[in-house]
Amino acid sequence: MTIAQPVTRLSVKSTKRHLPVELIYYEACQNKKDAYHREKYLKSTYGHRYLRNRHSHYFTG
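Those letters in the sequence shown? Residues 3 to 63, by the working numbering.
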């Protein structure tokens, strides 16, 4: 979900049943092309590992 998408009762199907949603990570990009490539990376196996390692402290009680 991008920050431009409002988190409301009419939000995307993937978050609709999980409201309220809390923002725990944010990245800014210079343009849409950079954002597209970053999102593709974060959805890859290496990207998942990066996020898991970077945010492991947040998800441990």
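Think of the CB as a built atom: it goes at the ideal place given N, C-alpha and C, for glycine as much as any other residue. Here the structure is a predicted model, which is why all the values come from computation and not from measurement.
Asked                                                                                                         : Found
Cβ neighbours of HIS20 in the same chain (closer than 7 angstroms, five flanking residues each side left out) : none
HIS50 beta carbon less than 8 angstroms from that of ILE26                                                    : no
Rounded separation between LEU53 and SER16 - CA only                                                          : 19 angstroms
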